[in-house]
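> In my numbering, the protein residues as written are 1 to 309. In this text, a Cβ means the ideal position worked out from N, Cα and C, and glycines have one as well.
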Ligand SMILES: [Zn+2]
């Protein structure tokens, strides 16, 4: 099974990165071509068996590391911007499920199990202090091949000065990396507040600031019952949508109950499920096709890019 292979690769990456094999890690980050080139120079022409085994191990770790880096990358044009949804063609039926405020000991594991059973991947925006309390759960999210984003350390809504905002985001990025080996480029502001200092810092740091285009309502003060949550998502589903749900921040057993029905309903509508980086990559590739066909569109893209800096 390819998903098992992927999962095994991801475990390897987590081990490689988390055990502090920094020299190897750095080499791996250089990318395939560069690394092979370096290796080619350093290796004698006739290799011993041990050397080739070592080389095979490095190649495998390299492939895994590249896989996780690719998994967590987003196209450059989205870095430093605020995104609510991907703008896709009407027949591109992909949708991204996102889960905020975890990792939490019970509900996150339940959600992972449902995702695995359905063979789909989602994106988890984690709170730094939750990663600190539940590192094994965070590790499991990464090992399952889910994508991880940054959701600050304290989940504060209030206005923050620049050093506080920086600390909220950097501290969280650090613990996610130390715990899971994931270097995330995705940020979601708590409560969706874009004007309290956090999003500004995240944009400056070239994070993709990820909002959402539809929500189950599972974290609202008067959150709907399970059928209401399912209906909320299914009625407004559209290609490129980003769905907000929660695996932490309280008892999310209703989210856990609603999720299989949400997945089934979306599948019945013809949707397949992608992570945020995959979603943005699909948009970028669609745009490239349009650009190739029409230079006029290409010209329109440059002013947008400039606005983002
Ligand atoms: Zn949140």
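At what residues does the alpha helix (DSSP H) containing residue 74 begin and finish?
From DSSP, residue 74 is part of no alpha helix (DSSP H); its letter is neither H nor E.
> On the premise that residue 241 lies in contact with residue 200, defined as a C-beta separation below 8 Å, what is that separation, rounded to the nearest angstrom?
Incorrect: roughly 26 Å between the Cβ atoms, too far for contact.
> Under 7 Å: does the beta carbon of residue 101 sit that close to some heavy atom of ligand 1?
Residue 101 Cβ: within cutoff of ligand 1.
> Going by C-alpha distance, which of 97, 136, 73 is nearest residue 267?
Closest by alpha carbon: 97.
> Any heavy atom of ligand 1 inside 7 Å of the beta-carbon of residue 105?
No, since every heavy atom of ligand 1 falls outside the 7 Å radius drawn around the Cβ of residue 105.
> Count the other CB atoms, across all protein chains shown, that sit within 10 Å of the CB of residue 283; report buried if there are 16 or more and exposed otherwise.
The residue is buried, with at least 16 neighbouring Cβ atoms inside 10 Å.
> Suppose you measure from the CA of residue 182 to the CA of residue 249; what does that come to, to the nearest Å?
Their Cα atoms are separated by approximately 22 Å.
> Under 7 Å from any heavy atom of ligand 1, does the C-beta of residue 190 make it?
Residue 190: yes, Cβ under 7 Å from ligand 1.
> So the beta strand (DSSP E) residue 100 belongs to, where does it begin and stop?
94-102 is the extent of the beta strand (DSSP E) around residue 100.
> Leaving out five residues on either side along the sequence, give the residues of the same chain with a beta carbon under 8 Å from the beta carbon of residue 114.
Contacts found: 256, 259, 260, 263.
> Quick one: grab the DSSP three-state call for residue 214.
Residue 214 falls in the strand class under three-state DSSP.
> If you follow the beta strand (DSSP E) that residue 123 is part of, which residue opens it and which one closes it?
Unbroken beta strand (DSSP E) run through residue 123: 123-126.
> In angstroms with no decimal places, state the Cα-to-Cα distance between residue 290 and residue 88.
Distance between the alpha carbons of residue 290 and residue 88: 11 Å.
> Excluding five sequence neighbours on each side, which residues of the same chain lie with their C-beta closer than 6 Å to the C-beta of residue 187?
So the list reads 150, 202, 207, 209, once near-sequence residues are dropped.
> Between the C-alpha atoms of residue 310 and residue 235, what's the straight-line distance to the nearest angstrom?
Since the displayed the chain opens at 1 and closes at 309, residue 310 lies outside it and no answer follows.
> If you reduce the DSSP assignment to three classes, tell me which class residue 24 lands in.
At residue 24 the pLDDT is 41, less than 50, meaning the model places this residue with poor confidence; the figure from the coordinates comes in the next sentence. Here residue 24 sits in helix by DSSP.
> What residues are listed by DSSP as bridge partners for residue 263?
Note: residue 263 sits in no beta bridge, so no partner.
> Determine the direct distance from the alpha carbon of residue 127 to that of residue 138, and round the result to whole angstroms.
Computed Cα separation, rounded: 10 Å.
> Cβ of residue 154 versus every heavy atom of ligand 1: is any distance shorter than 7 Å?
Checking the Cβ of residue 154 against ligand 1 gives no.
> Excluding sequence positions up to five away, which residues of its chain have a Cβ less than 6 Å from the Cβ of residue 306?
The predicted position of residue 306 is uncertain, since its pLDDT is 39 and thus under 50; a value taken from the coordinates is nonetheless stated next. So no residue of the chain qualifies.
> Does DSSP classify residue 36 as helix, strand or coil?
Confidence in residue 36 is poor, its pLDDT being 37 and thus under 50, which makes the residue's placement too unreliable to answer from.
> Is residue 149 close to ligand 1? I mean its beta-carbon at under 7 Å from any heavy atom of the ligand.
Checking every heavy atom of ligand 1 against the Cβ of residue 149, none is found closer than 7 Å.
> Using 8 Å as the Cβ pair cut-off and three pairs as the minimum, do the segment 71-87 and the segment 216-226 touch?
No contact exists between the segment 71-87 and the segment 216-226.
> Considering only heavy atoms of ligand 1, does any lie closer than 7 Å to the CB of residue 249?
Checking every heavy atom of ligand 1 against the Cβ of residue 249, one is found closer than 7 Å.
> Residue 169 and residue 194 look like a contact to me (Cβ under 8 Å); what is the Cβ gap, rounded to whole Å?
With 8 Å as the limit, residue 169 and residue 194 do not qualify as a contact, their Cβ atoms being about 14 Å apart.
> Is residue 136 close to chain B, meaning its C-beta is less than 8 Å from at least one C-beta of that chain?
No chain B is present in this structure, which holds just one protein chain.
> Restricting to Cα atoms, I'd like to know which of 211, 253, 243 is closest to residue 226.
It is 253.
> What does the alpha-carbon distance come out to for the pair residue 154 and residue 50?
If you take the alpha carbons of residue 154 and residue 50, they lie about 48 Å apart.
> If you follow the beta strand (DSSP E) that residue 160 is part of, which residue opens it and which one closes it?
From DSSP, residue 160 is part of no beta strand (DSSP E); its letter is neither H nor E.
> Closer than 7 Å by C-beta to residue 110: which residues in its own chain qualify, once you throw out the five before and the five after it? Chain order, please.
Taken in chain order, the residues that qualify are 256.
> Return the residue from the list 86, 204, 176 that minimises the CA-CA distance to residue 166.
The shortest C-alpha separation from residue 166 is found at 204.
> How would you label residue 247, buried or exposed, when you count the other beta carbons within 10 angstroms and need 16 or more for buried?
Answer is buried; the Cβ neighbour count reaches 16.
> With burial defined as no fewer than 16 other Cβ atoms inside 10 Å of the residue's Cβ, what is the status of residue 133: buried or exposed?
By the 10 Å Cβ count, residue 133 comes out exposed.
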